[in-house]
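To start, the structure under review is shown below, and the notes come after it.
Number of protein chains: 4
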Amino acid sequence: MIIVCETKASEAQIAAIQQKIREAGLAVHRSDGVEHTVLGVVGDRSRLDMQAFALMPGVRDVVPVSTPYKLASREFHPEDTAVQVGEAAAVGGPEVAVIAGPCAVESEQQIEATAEFVARCGARILRGGAFKPRSSPYSYQGLGVEGLALLRRAADRHGLALVTEVMTIEQIGPVAESADLIQVGARNMQNYPLLTALGRCGKPVLLKRGMSATIQEWLMSAEYILAAGNARVILCERGIRTFETATRNTLDLSAVPVVKHLSHLPVIVDPSHGVGNRRFVAPMARAAVAAGADGIMVEVHPDPDRALSDGPQSLTFEEFSALVNRCRIIATTIGRRLDKGK
Amino acid sequence: MIIVCETKASEAQIAAIQQKIREAGLAVHRSDGVEHTVLGVVGDRSRLDMQAFALMPGVRDVVPVSTPYKLASREFHPEDTAVQVGEAAAVGGPEVAVIAGPCAVESEQQIEATAEFVARCGARILRGGAFKPRSSPYSYQGLGVEGLALLRRAADRHGLALVTEVMTIEQIGPVAESADLIQVGARNMQNYPLLTALGRCGKPVLLKRGMSATIQEWLMSAEYILAAGNARVILCERGIRTFETATRNTLDLSAVPVVKHLSHLPVIVDPSHGVGNRRFVAPMARAAVAAGADGIMVEVHPDPDRALSDGPQSLTFEEFSALVNRCRIIATTIGRRLDKGK
Amino acid sequence: MIIVCETKASEAQIAAIQQKIREAGLAVHRSDGVEHTVLGVVGDRSRLDMQAFALMPGVRDVVPVSTPYKLASREFHPEDTAVQVGEAAAVGGPEVAVIAGPCAVESEQQIEATAEFVARCGARILRGGAFKPRSSPYSYQGLGVEGLALLRRAADRHGLALVTEVMTIEQIGPVAESADLIQVGARNMQNYPLLTALGRCGKPVLLKRGMSATIQEWLMSAEYILAAGNARVILCERGIRTFETATRNTLDLSAVPVVKHLSHLPVIVDPSHGVGNRRFVAPMARAAVAAGADGIMVEVHPDPDRALSDGPQSLTFEEFSALVNRCRIIATTIGRRLDKGK
Amino acid sequence: MIIVCETKASEAQIAAIQQKIREAGLAVHRSDGVEHTVLGVVGDRSRLDMQAFALMPGVRDVVPVSTPYKLASREFHPEDTAVQVGEAAAVGGPEVAVIAGPCAVESEQQIEATAEFVARCGARILRGGAFKPRSSPYSYQGLGVEGLALLRRAADRHGLALVTEVMTIEQIGPVAESADLIQVGARNMQNYPLLTALGRCGKPVLLKRGMSATIQEWLMSAEYILAAGNARVILCERGIRTFETATRNTLDLSAVPVVKHLSHLPVIVDPSHGVGNRRFVAPMARAAVAAGADGIMVEVHPDPDRALSDGPQSLTFEEFSALVNRCRIIATTIGRRLDKGK
């Protein structure tokens, strides 16, 4: 932590700040600049300490030095982490993982047809919502536990791992029994009791970025899971909220190289929720692979126009197949691979 | 719902759209403009229907006509709603409600001194966190149930109602026993299972706006609580996330008149979290009253520099007293009142 | 400037950074923390220097210490600046300045009626656009020089000062002859050649905040004018662009106390462009005065429904009169005044 | 234009609205829904008309139907436009254009070495700033006309076309003599007099997206140039301003497929300004090509650590060469090409 004093800070004010630092059991280095005196605090441990100085007389700025997250940081864990998901997939290794499936599981026929097709194209993980967060209380809310069973059977039949979302602590138990990877949706990225519970669930966690979360806050939320004992966290960029309304959100692909720089955790991209319109999904999925994402998660539906939720952003089978073939070549240009399906 | 066709839409495409509307049991009005054919759908019921048309060939835009919230809308409930909170306060009536207290309850002495002072100045409701959502897993997380008891005793001793936050469904029970008003924090504004549970909790709910929530999404979240059977919802503007970093968030005071226009629910303002810096709290609290807010919620601490959380944004007793005196006069200029304390 | 080294920075890397600092003729203080070595640079002069270090091996962060603006900073000019505008108004002194008039001047009758009425209510400065920036090339673009003459005559007849906007360097000459205060619109806040030219124009300048400008960038743009020799700059908050679409922009009223803290320059608020809807203008104008603004700029039109531009955000005469009467009382609660008109 | 009436709108109010529409010489279709009456206006011509209805009694919403831009719209010009730039490049055709060079031209040696290298790698257009917009009046402002001559000579020697920026109308003359493509910077995207002047300059224009401009506003600014008679406009995405501070701006790559959908104009991407950090430029440049951009514009410098402006975001020669080789393969996966250099 660094404290920048005001130009006009008196010696008495500076002494009081130094005194308070020492009272907290920390050492202080003083540096007198042309305009400002700067105090470096040695032994910085938490934001709380930092805020305590922010409004002291004579203080102009308090600047954190350490990152507030540790376990998620590449500084303390320089090697990339690969997260094994079921038997089918490792996310964060040399292979770019393809995760695909419908927004919500609707029927056995729908999920079976989709699982069969995406596995054939090279997907490793099946996605599908059983519990759906909907902004309107009057919208379709998902099949619940019955949906979990449909998803599991379809995944097993086609050698896929399974990811699905939890919205409450109560859902973790049943979901952890069925799924290989548990998803935290964007709206729950800062639901700390949920994150802590997932830290003890025994399954890897897919943590979506909140719509207005900075990359630092996202990594802090990962830290909650890691600190509770679960080292298997995969991050997922899915668009942030900006002033632009031409797309549902603004997919922040630069988050991919930034996360790779700051953290050892794998990061994938969900272009379907990022853009919210089928027309723009394939270009953004290709771009995600080109930017170095460890995987893509794409909504696919046998008949998007009749989907019960998020149909307009789901790819048809044909569009999905063409997309994966293109991503396969793009992956090779950056030393990754994306295997053929069966 | 209105469907705008593309300039080049063929008659066959337009016929297919009309057919699909009629299949859903809805009527359709066609209007041929100079550039576009416009189809008006009569009997609009849900966004789901709307999305089903968005990517049909020949469709250029789908425009919703009805608001997606009903119970929260002023269209269906033209009169202002006043929400009674305990015996001490009615929020949304002629009196501007002052809610004050520390960010987190830390000790009996701290909360007692604060409750005594703010009641004397004219506050009606005591605020204080027992369960604290913190972005770092390493930060102070609150006193929990023990804190609830301290808050309740302090409120009772000084004739104040009590508001405090819940973060999980499990906390609703104990909090509803102690508090008169249950707060949903910004990070949980779209935690739908929590909202639904609060719809059945028997106590009024203070719903903070999410950091990146539009006013419409905020009203949709209120609709979740109302639809589950709880008509007593108070909205709270607390700042949205923007590019500006000089303040912690950007307090969107225009949300006050906008909410008043769209909804019958009361709306208050929390300038402390909005700006995050004590220096700017009082001007924004005054501005909130001038803009027509039904109340202000302000952090006050006997010794902000030693607060365990959010000290830098808490007012001292002296600053709080001066603020309330100014707000009292401002309230009268717009036909409201803010009573003197004891 | 402070340079924070990476945890794993080698001694050789740190030595190279120190060497580069000394080569630039600056001194360096080194402080070894538990995790990071921090280098304080003494004699910091420009951002350019700072960027040169950002990607050196071993560097984790570069933190500026000095503000990049000097002449606009309160650190170097602790007293409030009041800017005299014509003979009628001083902005930044004890009186809250009311600036009012139509968006665009349309006819002699329109501007005469408006000037007469707003002067009677207590306005000191007449506003009105002669050159209009319009986002569509097909929209009404203003009366040009002819409009300037109409504005000047109306202002003179009613003892008002006059503010109007320039869009190009060429317009500065004719506008400076007619107006007492020259406005730079939000879209031109970073039009540096225009700002530099206004620094030599001999008239005070009203600098609107850009739609996506941080407060620091806004003050940097003021610095351009000040550095070119014109000390008479008034800042004007008019709303920033955020994700919220219920209002045209999001009026950032917290910018008022923040600017007052960082700078000695006066700051006013334009709620009309901030919200873009007549319904919400009066509450936000009252809020601006309560937040401590040095003035408000409000669009008023004798018949808003027939205005050629921005009618929906213009107040009627009756609404304007009621607003000013309320602001007068609010001003007194914070030790300001707003005089009665004639 | 569609007018949605309030649920409680009276017949008299609806009649008044219809009357006003007919007075403007337009026809009206009425459609009575369950909750709302909807009026469709036939013969819609300008936003101005639209605003006139927004605050009429009984009106709830006014929805535009036509796009406000025509010449830039794909609706009226379904074929892709390719813009010829000098003799060396066509932007918007089958080849992905590579534009490269330093942020600012600094010396003959610097620009000559850079031009030679980027031409060898396959770049078609040399970039370099002679007039630099800088947010601080104290920063390096560019070499001016002298820089133009250096740029032109370097471009000619290596068979490259040349793009450089203008900031004022006065600069258009000299720049149009030297450059093959004239750049409008993000800060000037809504400098309408400049756009209009460029509509008559006889050279193609590269229009950067403003930091807070929606895609619609960006196309409206293109419309200014097109409407003034210049059909050769290339759009350039370079990052928008969001809450995220880990990158300088947030590069909105989804703008590429969205612009391709809405407009026939070519669109390129500038990842250097988008991210502001060399580390993240190459991944985002690759992603831009994968997303379907018609070109990329990348800053390259022989010695980025000693660059006079924007060094930290400039690629070294080695990084640039590797990037172009990867983009060449990515281009082929989507049916484009990127030719080898000399």
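Protein chains in written order, with the numbering used here: chain U, 6 to 347; chain G, 6 to 347; chain L, 6 to 347; chain C, 6 to 347.
Virtual Cβ for every residue (Gly too), placed ideally from N, Cα, C.
If you count every other CB in all the chains shown that lies within 10 Å of the CB of Phe81/L, and 16 or more means buried, which is it?
-> Here the question's residue 81/L lines up with position 76 in the third sequence. Its Cβ having fewer than 16 others within 10 Å, Phe81/L is exposed.
So, Val46/G versus Ile26/G, is the Cβ gap smaller than 9 Å?
-> Here residue 46/G is taken as the residue at index 41 of the second sequence, counted from 1. Here residue 26/G is taken as the residue at index 21 of the second sequence, counted from 1. In contact: Val46/G and Ile26/G (Cβ atoms closer than 9 Å).
If you follow the beta strand (DSSP E) that Asp37/L is part of, which residue opens it and which one closes it?
-> Indexing the third sequence from 1 puts residue 37/L at position 32. Where Asp37/L is concerned, the enclosing beta strand (DSSP E) stretches over 32-37.
Can you give me the start and stop residues for the beta strand (DSSP E) that Ala166/C sits inside?
-> Translated into positions along the fourth sequence, residue 166/C becomes position 161. Note, Ala166/C: beta strand (DSSP E), 166-171.
Nonlocal neighbours in the same chain, by C-beta distance under 7 Å from Met289/C, ignoring five residues either side | On the fourth sequence, residue 289/C is found 284 positions in, with the first residue counted as 1. Correct list, in chain order: Leu256, Pro276, Gly279, Val280.
At which residue ranges does the stretch 132-202 of chain U contain complete beta strand (DSSP E) runs of 3 or more residues, listed in the order of the chain?
-> 166-171, 186-189
Burial state of Asp299/L (16 or more Cβ within 10 Å) | The residue given as residue 299/L occupies position 294 in the third sequence. Asp299/L is buried by the Cβ-count criterion.
Listing by chain order, which chain U residues have their CB less than 9 Å from the CB of Arg162/C?
-> Within the fourth sequence, the letter at position 157 stands for residue 162/C. Simply none; closest approach about 31 Å.
Minimum Cβ-Cβ distance from His278/G to chain C less than 9 Å | For the purposes of this step, residue 278/G is taken as the residue at position 273 of the second sequence. By this cut-off, His278/G is not an interface position.
Can you have a look at Lys213/U and say buried or exposed, based on whether 16 or more other CB atoms are within 10 angstroms of its CB?
-> Taking the first sequence and counting its residues from 1, the one referred to as residue 213/U is at position 208. Result: buried.
Taking Cβ positions only, does Ile7/U come closer than 9 Å to chain L?
-> One-based indexing of the first sequence puts residue 7/U at position 2. For Ile7/U, the answer is yes, since a Cβ of chain L falls inside 9 Å of its Cβ.
Any chance you could list the beta strand (DSSP E) runs of at least 3 consecutive residues sitting entirely within the stretch 214-277 of chain U, in chain order?
-> 238-242, 272-274
DSSP state of Ile19/L, grouped into three classes?
-> Here residue 19/L refers to the residue found at position 14 when the third sequence is read from its first residue. Helix at Ile19/L.
Under the rule that 16 or more other beta-carbon atoms within 10 Å means buried, what is His266/C, buried or exposed?
-> Locating residue 266/C in the fourth sequence gives position 261, where the first residue counts as 1. The residue in question, His266/C, is exposed, as its Cβ has fewer than 16 Cβ neighbours within 10 Å.
Ignore the nearest five residues each way along the sequence and tell me which others in Lys137/C's own chain have a CB closer than 6 Å to its CB.
-> On the fourth sequence, position 132 is the one that residue 137/C refers to. Cβ within range, chain order: Ala109, Gln146, Gly147.
Listing by chain order, which chain C residues have their CB less than 8 Å from the CB of Arg5/U?
-> For chain U, the structure presents residues 6 to 347; residue 5/U sits outside this window and is missing.
Determine, using beta carbons only, whether Asp257/L comes closer than 9 Å to chain G.
-> Taking the third sequence and counting its residues from 1, the one referred to as residue 257/L is at position 252. Yes, contact with chain G.
So the alpha helix (DSSP H) Gln115/G belongs to, where does it begin and stop?
-> Position 110 of the second sequence holds residue 115/G. Here the alpha helix (DSSP H) through Gln115/G covers 113-126.
For Cys108/C, which residues does DSSP report across the bridge?
-> On the fourth sequence, position 103 is the one that residue 108/C refers to. Its beta-bridge partners do not exist; DSSP assigns none.
In chain order, what residues of the same chain have a beta carbon less than 8 Å from the beta carbon of Pro317/G, not counting five sequence neighbours either side?
-> Numbered from its first residue, the second sequence carries residue 317/G at position 312. Excluding residues within five positions, the ones whose Cβ falls inside 8 Å are Gly281, Asn282, Arg283, Pro309.
Kindly list, in the order they appear in chain L, the residues whose Cβ is closer than 9 Å to that of Met1/G.
-> Outside the shown range of chain G, which is 6 to 347, sits residue 1/G, and nothing can be said about it.
For Glu11/L, which residues in chain U fall below 8 Å Cβ to Cβ?
-> Taking the first residue of the third sequence as 1, we reach residue 11/L at position 6. Near Glu11/L (Cβ distances below 8 Å), the residues of chain U are Glu80.
Within its chain, find whatever has a CB closer than 6 Å to the CB of Asn235/C; leave out the 5 residues flanking it on each side and keep chain order.
-> Taking the fourth sequence and counting its residues from 1, one reaches residue 235/C at position 230. Answer for Asn235/C: Gly204, listed in chain order.
So is Ile335/U in contact with chain G if we call contact Cβ pairs under 9 Å?
-> Reading the first sequence from its first residue, position 330 is the one you call residue 335/U. Cβ-Cβ to chain G under 9 Å: no for Ile335/U.
Could you give the distance in angstroms between the alpha-carbon of Gln311/L and the alpha-carbon of Glu16/C?
-> Locating residue 311/L in the third sequence gives position 306, where the first residue counts as 1. Locating residue 16/C in the fourth sequence gives position 11, where the first residue counts as 1. Per the sequence presented here, residue 311/L reads as Arg, with Gln not at that position. Taking the straight line from one Cα to the other gives about 23 Å.
Which full runs of the alpha helix (DSSP H) of 4+ residues lie inside the stretch 48-104 of chain G, going along the chain?
-> 52-59
Measure from the C-beta of Asp37/U to each C-beta in chain L and report whether the shortest distance is under 9 Å.
-> In the first sequence, the residue the question calls residue 37/U occupies position 32. Yes - at least one Cβ of chain L is within 9 Å of the one on Asp37/U.
Looking at C-alpha atoms only, which residue of Gln188/G, Ala295/G, Pro271/G is the closest neighbour of Thr337/G?
-> For the purposes of this step, residue 337/G is taken as the residue at position 332 of the second sequence. Of the candidates Gln188/G, Ala295/G, Pro271/G, the one whose C-alpha sits nearest the C-alpha of Thr337/G is Ala295/G.
Mind checking if Ser144/C is an interface residue toward chain U, Cβ cutoff 9 Å exclusive?
-> Within the fourth sequence, the letter at position 139 stands for residue 144/C. Closer than 9 Å: no.
Does the distance from the C-beta atom of Leu167/U to that of Ser183/U stay below 9 Å?
-> The residue labelled residue 167/U in the question sits at position 162 within the first sequence. The residue labelled residue 183/U in the question sits at position 178 within the first sequence. Their beta carbons are under 9 Å apart, which means Leu167/U touches Ser183/U by this criterion.
For Gln24/C, does the count of other Cβ atoms within 10 angstroms reach 16, so buried, or fall short, so exposed?
-> Mapped onto the fourth sequence, residue 24/C falls at position 19. Result: exposed.
Member of Val274/C, Phe248/C, His269/C, Gln115/C whose CA lies at the smallest distance from the CA of His258/C = For the purposes of this step, residue 258/C is taken as the residue at position 253 of the fourth sequence. The displayed chain sequence assigns Leu, not His, to residue 258/C. When each option's Cα is compared against that of Leu258/C, the closest is Val274/C.
Does the beta carbon of His34/G sit closer than 9 Å to a beta carbon anywhere in chain C?
-> In the second sequence, counting from the first residue as 1, residue 34/G sits at position 29. Yes - at least one Cβ of chain C is within 9 Å of the one on His34/G.
Could you tell me which chain C residues have their CB closer than 9 Å to the CB of Arg291/L, listed as they occur along the chain?
-> Translated into positions along the third sequence, residue 291/L becomes position 286. Under the 9 Å cutoff, chain C gives no residues; its nearest Cβ is about 20 Å from Arg291/L.
Partner residues on chain G for Phe248/C, Cβ-Cβ distance less than 7 Å | As a working note, residue 248/C is residue 243 in the fourth sequence. In chain order: Arg246, Thr247, Phe248.
Is any beta-carbon of chain B found at less than 9 Å from that of Gly30/U?
-> Going by chain labels, chain B is absent from the structure shown, which instead holds the protein chains U, G, L and C.
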